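In what follows, a single structure is set out as structure tokens and then discussed.
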């Protein structure tokens, strides 16, 4: 039996595209919930989307530049 791939080679842009798509989907689900749709499946999917977005956010390294132009890397 083959093992699942647990190591992915994604570019920063790839992750950005995935994150944008997840945010758009979460936005549509949030709108449906705000409009009164309260199915357990919808709520479960919304929680799952928020958890995935949270894990992506927690793995990011944020970059900033000091006034002298040198980069600051967090994490």
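Residue numbers (this note's numbering): 21 to 95.
Just so it is clear, CB atoms sit at the ideal spot from N, CA and C, and this is done for glycine as well.
All values derive from a computational prediction rather than experimental measurement.
Legend entry - Contact the region 67-86 vs the region 32-49: 3+ CB pairs below 8 Å: Yes, the region 67-86 is in contact with the region 32-49.
Legend entry - Sub-8 Å separation of residue 30 and residue 69 beta-carbons: no
Inset, instruction - Would you verify that the beta carbon of residue 60 is, or is not, closer than 8 Å to some beta carbon of chain B? - result: The structure shown has no chain B; it contains just one protein chain.
Inset, instruction - Within its chain, find whatever has a CB closer than 7 Å to the CB of residue 51; leave out the 5 residues flanking it on each side and keep chain order. - result: none
Legend entry - Unbroken alpha helix (DSSP H) run spanning residue 50, endpoints: 32-54
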